[in-house]
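One structure below.
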Amino acid sequence: MGGAFGAGWTVEPSIRAAYVDVRLRDFADADHLFVGPHPYRTSSIRIGVRVARLISTSRAAYRPYIHTALNNSITPSSSQAICGVSFDTAPVGSSWEASVGVEGRGGSTPFSATALTRASAASQQPGACIGPSTKPSP
């Protein structure tokens, strides 16, 4: 997928989707603490685009590019029961990323360099254990 335009320009769209469903059996750890893991489900989608232009000379070919993408994850809150105490996890949110770089070859030597990479996850919450829940453990 993607398209080539005049004067060496190309546009390369991308999309990626994933779904994860993890289910574990109850167990006791090395200290004989009972752990009752609850199912964990998450889905994510990433949509991006890369715009590049091929610049060729008799000795080299360069391809500067700009890439940007949006990531969105949908993860409901989850919890894990340890010795009857429920620990909650926070849902994951969305983020974006952008980069500017160049790839190509000089003579017979290929090269690639990313000049700038920027990512943001301002609305993203960590999916780590955030402490005991006030809810009773199921």
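Its first residue numbered 408, the sequence shown is counted upward by one per residue in the working numbering.
Each residue gets a CB set at the ideal place from its N, CA and C atoms; glycine is no exception.
Just so you know, these numbers come straight off a predicted model, no measurement behind them.
May I have the straight-line CA-CA distance separating A526 from A435, to the nearest angstrom? 39 Å
Short Cβ contact (9 Å threshold) for W579 with R457: As displayed, the chain neither begins before 408 nor continues past 545, which places residue 579 out of reach and without an answer.
Note down, in chain order, each residue of its chain lying with its Cβ closer than 6 Å to the Cβ of V519, except the 5 sequence neighbours on either side. Reading off the sequence, residue 519 comes out as Ser, not Val. Around S519: E510.
CB-CB length for S502 against N478, believed under 8 Å: 5 Å
Reduced DSSP secondary structure (H/G/I, E/B, other) of A488: strand
With a threshold of 16 other CB atoms inside 10 Å of the CB of T496, please say whether the residue is buried or exposed. Classification of T496: buried, given that the 10 Å Cβ count is 16 or more.
Could you tell me the alpha carbon to alpha carbon distance between A424 and G500, rounded to whole angstroms? 15 Å
On the criterion of 16 or more Cβ atoms from any shown chain inside 10 Å, does S421 qualify as buried, or is it exposed? exposed
Pop quiz: G508 and Y472 are said to be a contact at Cβ under 8 Å. What is the actual Cβ separation, rounded to whole angstroms? 6 Å
Which residues in the same chain as A467 place their Cβ atom closer than 6 Å to its Cβ, once the five residues preceding and following it in sequence are excluded? G513
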